[in-house]
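Engineer: Have a look at this one before I ask anything.
As structure tokens, this is what we get:
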């Protein structure tokens, strides 16, 4: 069992990583302050893990479950309202604790519901996908999508605890495991060069789901993310580097329709684009771009723009992304392996070239 | 012109009270940091004041307006989404400033939109009703209603500035002026005995809208509220006294349907109920209850439960109110004039008696 703390003053919280946690109340109970609990999960995860989690929560006088439909397409205000419906119908009060059991979509919606219900209640993350384990469960970003933009409606709301049980990865579809690996590789690229080399060497073992290799990668990603978040909780500056590949990736998701490309799949292609753009700026050489492409290929991830998507439609979509400040397009690029930078002044034509070099029309 | 500060550390902000502000940019501009502004108002207020406010905002390269339907019945997630629609269609980014021009409903929804849009943007309150001037524009509570409860979905999000222009009260319907006076009287009851006597003496002048009398009352209410909020920003304890009369009032609003009784009208009747209950507990004498009834009558406000509403339906509705902690009904009562207390242990029968003494069936 590994334990690390996300240091955010009064909002600090632990991430506990290990296996066999789900049915074991001793990890969970110290972080539930009232006598009411509501588990938010989805129709895919519930049959796998809900019974075990409920087992750990015997003895609460109010234990309710909200089962959401599965997928990014349902990450919206209407679905969010279903959580509020249950909380109010079952009369949960301000002392309730919401537990997110699922991937990033469940975590983001449950967290946002916890941020808004009666202006803020406790919540706990129990992530069940690699992507959620290494990314969305750390950092306090919560929210839903709007038809005109991803994660445009949300709040910063820190969990009280993140309980990362690597057992849940055994049932994860291969496609989602790969999508999660895109975010794992991201940490190597933006801030942890030795980890990038480690991933390169251990990629096949990660794909084989060797527990100790997975646990190591998860812990290292969480530590990297926790460090970045602790330095900039509300994304005034440095925290933006975590969005490496995401501005391009969000454009892919938005144009293809949420859910057709998994988030991590879109980020994978987006990272190649960001790397190619960094190369065009003269900051990194082609060898690194090729190494990334090679890793993504082994992981079964796309390294190119979706078929038929034009460079112009990328730019169109990106201009509504949150990373646009007063009309300037803010991009996260690399100045070297392991060193991300925030760049405001990339010429439009250079962005178009990078996109075309990555298969955009 | 009067100016007072709500002291909340990094989230401190000024309340500027005076007249002739709306068309005068010098009060407003220092608090708008970016180059984008979106005014949120409603169909009733817009014809009266929107042009003047827009005049003060010449020179912004992006100035959009969202005009909402008027009334508590529209204070919900669907209406909120109309604000997000405009912000995204018009490509407002994180540096935008939202300005709430209107009463409490507009302020609560605009503030909540500002809290959630891209996880939080600036906002400014320009309240145009007495209720909003003395109550909802101070304290950072924002949110929307749910069919099962008022203000159940929301956030704490402090404005950057509250600009209180007493000129706006000249066009306020008499019914809304009276509803606002209920909250003015509340401050006397809960924390400011000399102010209670002052209101008793000056009630007719307030109803006559004498500008200097109104300005004095607004400033004193805001100061009282600012003191309470500064001591307890997120309502862990003392801040709850601001809800005096509100638990009963919310029950009236919920059972009668939002919008049929104005918020202040429901709070007026709710305050009589809270006072009657305080009397039954032996803490205050009947003289004070009668004096409040007398003041409310002069102000044209109801001092009784709605016709046909039963004591049982009050309790039914109150048990879902946010003030319920782990099954105990938390009420704000008076232990003396000007001294509110939070009470958890009132017997159910005593509450029923107080409600019946106030006309509930």
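Protein chains in written order, with my numbering: chain A, 485 to 845; chain B, 485 to 845. All C-beta atoms, glycine included, are put in the ideal place defined by N, C-alpha and C.
1. Are the region 680-693 of chain A and the region 720-737 of chain A touching by the rule of at least three beta carbon pairs closer than 8 Å?
2. Answer yes or no: does any C-beta atom of chain A fall closer than 8 Å to that of residue 510 of chain B?
3. Would you verify that the beta carbon of residue 717 of chain B is, or is not, closer than 8 Å to some beta carbon of chain A?
4. Reducing DSSP to helix, strand and coil, say where residue 522 of chain A ends up.
5. Might you give, ordered along the chain, the residues of its own chain that have their beta carbon closer than 7 Å to the beta carbon of residue 687 of chain A, omitting 5 neighbours on each side?
6. Is it true that the CB of residue 641 of chain A sits closer than 8 Å to the CB of residue 587 of chain A?
7. Distance check for residue 526 of chain B and residue 553 of chain B, CA to CA, integer angstroms please.
8. Which residues, in chain order, does the region 632-647 of chain B contribute to contact with chain A at a C-beta distance below 7 Å?
9. Within its chain, find whatever has a CB closer than 8 Å to the CB of residue 695 of chain B; leave out the 5 residues flanking it on each side and keep chain order.
10. Give, in chain order, every residue of the region 814-838 of chain B whose Cβ lies closer than 7 Å to some Cβ of chain A.
11. Between the alpha carbons of residue 533 of chain B and residue 655 of chain B, how many angstroms are there, rounded?
12. So which residues on chain A does residue 630 of chain B lean against when the C-beta distance must stay under 7 Å?
13. Considering Cα atoms alone, identify which of A/665, A/716, A/609 is closest to residue 699 of chain A.
14. Using a Cβ cut-off of 8 Å (strictly closer), state whether residue 534 of chain A contacts chain B.
15. So which residues of chain A does residue 625 of chain B contact, with C-beta pairs closer than 8 Å?
16. What distance in whole Å lies between the Cβ atoms of residue 737 of chain B and residue 750 of chain B, which are believed to be in contact at a cut-off of 8 Å?
17. Assign residue 692 of chain B to one of three DSSP states: helix, strand, or coil.
18. Taking buried to mean at least 16 other C-beta atoms within 10 Å of its own C-beta, is residue 715 of chain B buried or exposed?
19. Got a sec? Which residues, its chain only, sit under 6 Å from residue 843 of chain A by beta carbon, not counting five neighbours each side?
20. Taking Cβ-Cβ distances shorter than 8 Å, what residues in chain B pair up with residue 599 of chain A?
21. Which bits of chain B does residue 841 of chain A rub up against, with CB to CB less than 9 Å?
22. Out of curiosity, what's the CA-to-CA distance linking residue 758 of chain A and residue 489 of chain A?
23. Run through chain A and tell me which residues come within less than 7 Å of residue 561 of chain B, C-beta to C-beta.
24. Judging by CA-CA distance, which residue of A/615, A/598, A/602, A/701 is the nearest neighbour of residue 608 of chain A?
25. If you measure from the beta carbon of residue 803 of chain A to each beta carbon in chain B, is any gap under 8 Å?
26. How should residue 634 of chain A be labelled, buried or exposed, when 16 other C-beta atoms within 10 angstroms of its C-beta is the threshold for buried?
27. Run through the region 613-670 of chain B for me and flag every whole beta strand (DSSP E) of 3 or more residues, listed as ranges in chain order.
28. Alpha carbon to alpha carbon, how far is residue 549 of chain A from residue 825 of chain B?
29. Quick one: give me the first and last residue of the beta strand (DSSP E) that residue 719 of chain A is part of.
30. Helix, strand or coil: which one does DSSP assign to residue 591 of chain A?
31. In the DSSP assignment, find the unbroken alpha helix (DSSP H) run with residue 569 of chain A in it and report its ends.
32. Give the DSSP-derived three-state secondary structure of residue 603 of chain A in the structure shown.
33. Output needed for residue 792 of chain A: all residues of its chain with C-beta closer than 7 Å, excluding positions within five of it in sequence on either side, in chain order.
34. Does the distance from the CB of residue 675 of chain B to the CB of residue 622 of chain B come in under 8 Å?
35. Thinking C-beta only, is residue 516 of chain B closer than 8 Å to residue 600 of chain A?
36. What are the complete beta strand (DSSP E) segments, minimum 3 residues, inside the region 491-563 of chain B?
Structural biologist: Once the coordinates are examined:
1. no
2. Position 26 of the second chain, counted from the first residue, corresponds to residue 510 of chain B. No, because no Cβ of chain A sits closer than 8 Å to the Cβ of residue 510 of chain B.
3. As a first step, residue 717 of chain B must be located in the second chain, where it is residue number 233. By this cut-off, residue 717 of chain B is not an interface position.
4. What you label residue 522 of chain A is simply residue 38 of the first chain in a count that begins at 1. Looking at residue 522 of chain A - three-state DSSP - the assignment turns out to be strand.
5. Within the first chain, numbered from 1, the residue matching residue 687 of chain A stands at position 203. So the list reads 779, 782, 783, once near-sequence residues are dropped.
6. Along the first chain, one-based indexing puts residue 587 of chain A at 103. Along the first chain, one-based indexing puts residue 641 of chain A at 157. No, these two residues do not count as a Cβ contact at 8 Å.
7. By 1-based counting over the second chain, the position of residue 553 of chain B is 69. By 1-based counting over the second chain, the position of residue 526 of chain B is 42. Roughly 6 Å separates the two Cα atoms.
8. 632, 633, 636, 637, 638, 639, 640
9. Here the question's residue 695 of chain B lines up with position 211 in the second chain. Around residue 695 of chain B: 503, 650.
10. none
11. Working through the second chain from its first residue, we reach residue 533 of chain B at position 49. Working through the second chain from its first residue, we reach residue 655 of chain B at position 171. So the two alpha carbons sit approximately 10 Å from each other.
12. By one-based count along the second chain, residue 630 of chain B stands at place 146. Those within 7 Å of residue 630 of chain B in chain A are 568, 572.
13. Here the question's residue 699 of chain A lines up with position 215 in the first chain. Residue A/665 is the option with its Cα nearest to residue 699 of chain A.
14. Translated into the one-based positions of the first chain, residue 534 of chain A becomes position 50. Output row for residue 534 of chain A: interface = no.
15. The residue you call residue 625 of chain B lines up with position 141 of the second chain. Within 8 Å Cβ-Cβ: 603.
16. To locate residue 750 of chain B, count along the second chain from 1; it is residue 266. To locate residue 737 of chain B, count along the second chain from 1; it is residue 253. That pair is a contact at about 5 Å.
17. Sequence index remark: in the second chain, residue 692 of chain B carries index 208 (1-based). Correct three-state label for residue 692 of chain B: coil.
18. Here residue 715 of chain B corresponds to residue number 231 of the second chain, with the count starting at 1. Exposed.
19. Residue numbering aside, residue 843 of chain A sits at position 359 when the first chain is read from its first letter. So the list reads 788, 789, once near-sequence residues are dropped.
20. Reading the first chain from its first residue, position 115 is the one you call residue 599 of chain A. Under the 8 Å cutoff, chain B gives 639.
21. In the first chain, residue 841 of chain A corresponds to position 357, counting from 1. Near residue 841 of chain A there are no residues of chain B at all, since even the closest Cβ is about 27 Å away, more than 9 Å.
22. Counting from 1 along the first chain, the entry for residue 758 of chain A is found at position 274. Counting from 1 along the first chain, the entry for residue 489 of chain A is found at position 5. Residue 758 of chain A and residue 489 of chain A: Cα-Cα distance of roughly 31 Å.
23. For the purposes of this step, residue 561 of chain B is identified with residue 77 of the second chain, where counting begins at 1. Within chain A, the residues near residue 561 of chain B are 561, 565.
24. In the first chain, counting from the first residue as 1, residue 608 of chain A sits at position 124. Nearest option by C-alpha distance: A/598.
25. Here residue 803 of chain A refers to the residue found at position 319 of the first chain. Residue 803 of chain A counts as touching chain B.
26. In the first chain, the residue the question calls residue 634 of chain A occupies position 150. Counting Cβ neighbours within 10 Å, residue 634 of chain A comes out buried, since at least 16 surround it.
27. 625-630, 633-640, 645-649
28. The count along the first chain starts at 1 and reaches residue 549 of chain A at position 65. The count along the second chain starts at 1 and reaches residue 825 of chain B at position 341. For residue 549 of chain A and residue 825 of chain B, the distance between alpha carbons rounds to 36 Å.
29. What you label residue 719 of chain A is simply residue 235 of the first chain in a count that begins at 1. Taken as a continuous stretch (DSSP letters only), residue 719 of chain A belongs to no beta strand (DSSP E), as it is neither H nor E.
30. Counted from its first residue, the first chain places residue 591 of chain A at position 107. Residue 591 of chain A falls in the helix class under three-state DSSP.
31. As a first step, residue 569 of chain A must be located in the first chain, where it is residue number 85. Run containing residue 569 of chain A: 561-573, per the alpha helix (DSSP H) assignment.
32. Taking the first residue of the first chain as 1, we reach residue 603 of chain A at position 119. Three-state DSSP puts residue 603 of chain A in coil, outside helix and strand.
33. Here residue 792 of chain A refers to the residue found at position 308 of the first chain. Around residue 792 of chain A: 845.
34. Residue mapping note: residue 675 of chain B aligns to position 191 of the second chain, counting from 1. Residue mapping note: residue 622 of chain B aligns to position 138 of the second chain, counting from 1. Not closer than 8 Å, so no.
35. Position 116 of the first chain holds residue 600 of chain A. Position 32 of the second chain holds residue 516 of chain B. In this structure, residue 516 of chain B does not lie closer than 8 Å to residue 600 of chain A by Cβ.
36. 497-502, 520-526, 546-552
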